[in-house]
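Chains as they are written, first to last, in our numbering: chain A, 200 to 620; chain B, 19 to 497. Report on the following structure.
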Amino acid sequence: MKSMKQIDIVIIGGGPAGMAAAVGAKEAGCDNILILERDTMLGGILNQCIHNGFGLHMFKEELTGPEYAQRYMDQVEALAIPYKLNTMVLDISPDKVVTAVNPEDGLMQIQAKAVILAMGCRERPRGAINIEGTRCAGIYTAGTAQKYVNMNGYMPGKEVVVLGSGDIGLIMARRMTLEGAKVKAVVELMPYSGGLKRNIAQCLDDYDIPLHYSHTVTNIKGRERVESVTIAKVDASLRPIPGTEQEIPCDTLLLSVGLLPENELSQSAGVELSPITGGPVVNESLETELDGVFACGNVLHVHDLVDYVSEESYAAGQNAAAYATGRQFTGDRIPLRPRDGVRYTVPSAINPDNIDKFAIVRFRVDNIYRDRDLAVYFGENRVMKKRKQILAPGEMETLRIPKSWFEENTGCDAITIRLEA
Amino acid sequence: MQMYDVVIIGAGVTGCAIARELSRYRLRTAVLEQHGDVSMGTTKANSAIVHAGYDAKPGTVKAQMNIAGNPMFDQLSKELDFPFKRIGSLILCFDEASMPELEKLLERGRQNGVPGLEIIDRKRLLEMEPHIGDKAVAALYAPTGGIVCPYEMTIALAENAAVNGVEFFLGQEVQAIAKTDAGFVVETQDSRYETKLLINAAGVFADDIHNMLSADKLSIRPRSGQYILMDKVVGNLVSHTLFQLPNEMGKGILVTPTVDGNLLMGPTAVDIDDKLDLATRREQYESILKAAALSVDSIPTRQAITAFTGLRAHSTTDDFIIGYAKDVPGLLDVAGIESPGLTSAPAIGVYVAKLVGERLPLEANPAFIPTREGIKKFRDMTREEQDDAIRANPRYGKIICRCETISEAEIVEAIHRPLGARDLDGVKRRTRSGMGRCQGGFCSPQVAAILSRELDIPLTDITKAGGNSRILVGRNKEI
Numbered sequence: 200m201k202s203m204k205q206i207d208i209v210i211i212g213g214g215p216a217g218m219a220a221a222v223g224a225k226e227a228g229c230d231n232i233l234i235l236e237r238d239t240m241l242g243g244i245l246n247q248c249i250h251n252g253f254g255l256h257m258f259k260e261e262l263t264g265p266e267y268a269q270r271y272m273d274q275v276e277a278l279a280i281p282y283k284l285n286t287m288v289l290d291i292s293p294d295k296v297v298t299a300v301n302p303e304d305g306l307m308q309i310q311a312k313a314v315i316l317a318m319g320c321r322e323r324p325r326g327a328i329n330i331e332g333t334r335c336a337g338i339y340t341a342g343t344a345q346k347y348v349n350m351n352g353y354m355p356g357k358e359v360v361v362l363g364s365g366d367i368g369l370i371m372a373r374r375m376t377l378e379g380a381k382v383k384a385v386v387e388l389m390p391y392s393g394g395l396k397r398n399i400a401q402c403l404d405d406y407d408i409p410l411h412y413s414h415t416v417t418n419i420k421g422r423e424r425v426e427s428v429t430i431a432k433v434d435a436s437l438r439p440i441p442g443t444e445q446e447i448p449c450d451t452l453l454l455s456v457g458l459l460p461e462n463e464l465s466q467s468a469g470v471e472l473s474p475i476t477g478g479p480v481v482n483e484s485l486e487t488e489l490d491g492v493f494a495c496g497n498v499l500h501v502h503d504l505v506d507y508v509s510e511e512s513y514a515a516g517q518n519a520a521a522y523a524t525g526r527q528f529t530g531d532r533i534p535l536r537p538r539d540g541v542r543y544t545v546p547s548a549i550n551p552d553n554i555d556k557f558a559i560v561r562f563r564v565d566n567i568y569r570d571r572d573l574a575v576y577f578g579e580n581r582v583m584k585k586r587k588q589i590l591a592p593g594e595m596e597t598l599r600i601p602k603s604w605f606e607e608n609t610g611c612d613a614i615t616i617r618l619e620a
Numbered sequence: 019m020q021m022y023d024v025v026i027i028g029a030g031v032t033g034c035a036i037a038r039e040l041s042r043y044r045l046r047t048a049v050l051e052q053h054g055d056v057s058m059g060t061t062k063a064n065s066a067i068v069h070a071g072y073d074a075k076p077g078t079v080k081a082q083m084n085i086a087g088n089p090m091f092d093q094l095s096k097e098l099d100f101p102f103k104r105i106g107s108l109i110l111c112f113d114e115a116s117m118p119e120l121e122k123l124l125e126r127g128r129q130n131g132v133p134g135l136e137i138i139d140r141k142r143l144l145e146m147e148p149h150i151g152d153k154a155v156a157a158l159y160a161p162t163g164g165i166v167c168p169y170e171m172t173i174a175l176a177e178n179a180a181v182n183g184v185e186f187f188l189g190q191e192v193q194a195i196a197k198t199d200a201g202f203v204v205e206t207q208d209s210r211y212e213t214k215l216l217i218n219a220a221g222v223f224a225d226d227i228h229n230m231l232s233a234d235k236l237s238i239r240p241r242s243g244q245y246i247l248m249d250k251v252v253g254n255l256v257s258h259t260l261f262q263l264p265n266e267m268g269k270g271i272l273v274t275p276t277v278d279g280n281l282l283m284g285p286t287a288v289d290i291d292d293k294l295d296l297a298t299r300r301e302q303y304e305s306i307l308k309a310a311a312l313s314v315d316s317i318p319t320r321q322a323i324t325a326f327t328g329l330r331a332h333s334t335t336d337d338f339i340i341g342y343a344k345d346v347p348g349l350l351d352v353a354g355i356e357s358p359g360l361t362s363a364p365a366i367g368v369y370v371a372k373l374v375g376e377r378l379p380l381e382a383n384p385a386f387i388p389t390r391e392g393i394k395k396f397r398d399m400t401r402e403e404q405d406d407a408i409r410a411n412p413r414y415g416k417i418i419c420r421c422e423t424i425s426e427a428e429i430v431e432a433i434h435r436p437l438g439a440r441d442l443d444g445v446k447r448r449t450r451s452g453m454g455r456c457q458g459g460f461c462s463p464q465v466a467a468i469l470s471r472e473l474d475i476p477l478t479d480i481t482k483a484g485g486n487s488r489i490l491v492g493r494n495k496e497i
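Now the structure itself:
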């Protein structure tokens, strides 16, 4: 084992979040950066997202996932930001010693001044949702199927049922169809989709793939390979209604039943997690409760558009660079309180001293809401009321809170964000 | 056709323990297994407990084998390098009215000769298990209870038996058996095996094998048991195996840490007819959670990573059936091996070898190697050892399974060992790749690619668990 390396900013993960964070840090003046990526190339999950629709906000054009990733890989190369591939981080200590391995360097221990968590998320597996039935071949998470099809060029099945109408499920319903499979149904537990509206139109409607809301898979049959799945309607408490079962012969079940921020490393470092998002609790500077440890992208909270991952991560990189040169993001913070339909906010607290012109607050709602006011209160004082035609859990909302509101409401003890009729 | 001295049908923990024991002697032994791997029946899905021995009725074969088997684990697990921890068991009592039953269990345990048994009160229970359920008033403490990894143990036994000369024939489903003057001819779908003695260790199929030859019929009724496995982040919720007072269907729902650091709860107990029915059921899932909630104060339901079902080979006689069939000379049944079968397996091996010795001369095998080294686990190495391992073999530096920290070196070794892995589940049981919280979402495409490369077979031939369980159906646009 070599002696411990000193690096200003170690970025865990070279996907869209890690790359944008690296660019942000570099452009803020930090030269001593290292990205650690476990895969064989930078880009993360974008590499297997060969469909288009990326970059509309960031680049004002429509790119495929690999094209979007390439834009950032080019910046990483142009800015000569160092990275290591095939490198797995095994541990992050509370005092920011990062332990990692790869085949060439063996075991590395790096003392970082700042760490940026950018590990992304993983898919919930079958066991997490407890579907009855056999444990045969032919059951894949949508992302695993996407890897087989888009990266390896192999089809995991011919006749497919998709459980969950999250974006990956919708995208894979279309991809499987385009590659020659028959997608017999997309089944969604909730009375609404967790995916983007545009994906329902472009991935299902355009291919006449039926979408069953308020349905779930109640059984999987098949000894060696899936032979059929049974779907059933669910009641208001999401329990299958007896008598509504319908058996669909198929050889494949794809699961798109939610994403979980991948924070086992964060936990090893002692980072506090939000029970709602599954990601670290962060302040306005995207710094966790552990000084100098920042988080961005899907490890922080699951996004639906990569453009916002890039924007958020660039900011995290800039803040980490400031921290590495001595800036502290401590001080008094005003907590944010999500209420009445608002499920969570990121960040969870704001120190107005640390914001420049405005603070960005991202949040999701907990149900479908039509014609509601989105209201922001500083203490008892309502500073904003904005009519929203529709709000859905599948679409992340962004709110910019100008610095002036803080100046006009000094002494306020909490900021409430809520929906009003 | 060559003549075997002994053919064992079934490569579960019982068959493999017998095979390993017989490999101490100069015998020509073969093991026939219908699945493509060892440890595929009852052995791969059970509570993974080394029972102390208080539960079996005094005087039964179960009690005898349990008591003999339990103390063998310390040495055996060292010799064969499989994980075993003697963590102790607690049998919880939830109301004062049931205390006499707990006393009865204590008495039965003492009669069986279980060492160290004592009844402890709630205060001491809380010290030992801070998360114990509110209703637990007392417990029977059995310090000799332990936990083991049943498939790693079985793979270890099988590998060691194979190294010592036992021939394994996997994927061989016995279709017919003929009694001859010299012994038996066993016919599988594509081969015939002639043998002097035939050992029936076929688990839930042991009655089918026995009844092919004997007029004195045997009946094994599969008793289905479902389990829930939880993530390692809650593996330390309990530190002993927590049982509840047993009932006529078994030992009730347990909550236990596993040797790998997960939390396991189950099993249910439902008698079924279909010997291949491994389906999980929602109502059983819920009944496990409900029962487990008695034992521990808060069940971390969100940490469930998988549910699975195993079948116990329950004999209608309610005891192990170990011995020569009365009307078929040379047919040695080892049937009805349900709980405490895993605990008993090492003792059954020794006992069955003795029975074989009644019919065949047992001469020591001078080449017998008692030890076996397991796959060196990257995750268990110190940092220095990890660094050294990568320098010696760079594939240790390529982590394939991120949840369990399994390197490519371990996966490649699992494929090339004796009786090596041939499919995703085979790699999983040997390395734990895919057993973590993402359940193979990230690593399975990589493991499939490694299997394809190392076995030099097309990716489309890679299966989840042998047979027709292919994971890919063809090239894009060509299906």
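The beta-carbon is built from N, C-alpha and C at its ideal position, and this holds for glycine as well.
Boundaries of the alpha helix (DSSP H) harbouring C34/B: 31-40, taken from the DSSP string.
The beta carbon of A310/B sits no closer than 8 Å to any beta carbon of chain A.
Taking all protein chains shown into account, K62/B has 16 or more neighbouring C-beta atoms within 10 Å of its C-beta and is therefore buried.
As the crow flies, the alpha-carbon of N329/A is around 20 Å from that of T274/B. Segment contact: the region 371-385 of chain B against the region 31-51 of chain B, three or more CB-CB distances shorter than 8 Å; contact assigned. Taking a beta-carbon distance threshold of 8 Å, A322/B counts as an interface residue toward chain A.
Here the alpha carbon of I408/A sits roughly 7 Å from the alpha carbon of V385/A. At a cut-off of 8 Å, the C-beta of K556/A has no neighbouring C-beta in chain B. Within the same chain, and ignoring the five residues on either side of L477/B in sequence, the residues whose Cβ sits closer than 8 Å to its Cβ are A466, A467, S470, L490.
At a cut-off of 8 Å between beta carbons, I468/B makes no contact with chain A. Here T340/A is bridged, per DSSP, to L454/A. Contact of V222/A with chain B by beta-carbon distance below 9 Å is absent, the smallest such distance being about 25 Å. Taking a 10 Å sphere around the C-beta of I433/B, we find 16 or more other C-beta atoms and assign the residue as buried. With a contact defined as Cβ atoms closer than 8 Å, V166/B and V288/B miss out at about 25 Å.
Residue environment for T423/B: buried (at least 16 other C-beta atoms within 10 angstroms of its C-beta). Put simply, the CB of Y43/B is far from chain A, with every gap to its CB atoms at 8 Å or more.
Non-local beta-carbon contacts of E260/A in its own chain, meaning distances under 7 Å to residues more than five positions away in sequence, involve G254 in chain order.
A313/A and Q269/A have their C-alpha atoms some 26 Å from each other.
At the C-beta level, G87/B and S333/B stay beyond 8 Å of one another.
The count of Cβ pairs closer than 8 Å, one atom from the region 569-586 of chain A and one from the region 499-509 of chain A, stays below three, leaving the stretches out of contact. Excluding five sequence positions before and after L590/A, the CB atoms of its chain that fall closer than 6 Å to its own CB belong to V564, Y568, given in chain order. Linking G214/A to G452/B through their CA atoms gives a straight-line distance of about 22 Å. Here S65/B carries a coil assignment [DSSP, helix/strand/coil]. For N285/A, the nearest beta carbon of chain B is closer than 8 Å to its own beta carbon. Here V374/B is actually not in contact with F186/B; their C-beta atoms are around 18 Å apart, not less than 8 Å.
Per DSSP, Y159/B is one residue of the beta strand (DSSP E) stretching across 156-160. For the options I271/B, P412/B, A174/B, the alpha carbon positioned closest to that of N285/A is the one of P412/B.
Within the DSSP bridge table, the entry for T429/A names N418/A, E446/A as partners.
Residue contact with chain A for A325/B: present (Cβ-Cβ distance below 8 Å to some residue of chain A). In the structure shown, the three-state DSSP call for C111/B is strand. Among the residues facing chain A, I306/B is not included, as its CB has no counterpart in that chain under 8 Å away.
Under the criterion of beta carbons closer than 8 Å, V359/A and L453/A qualify as touching, at roughly 6 Å.
For G305/A, the nearest beta carbon of chain B is closer than 8 Å to its own beta carbon. With respect to chain B, the C-beta atom of C335/A has a partner C-beta closer than 8 Å. Of the candidates M389/A, S465/A, K346/A, K346/A places its Cα closest to the Cα of C248/A. Of the residues A494/A, L535/A, S484/A, the one whose Cα lies closest to the Cα of G319/A is A494/A.
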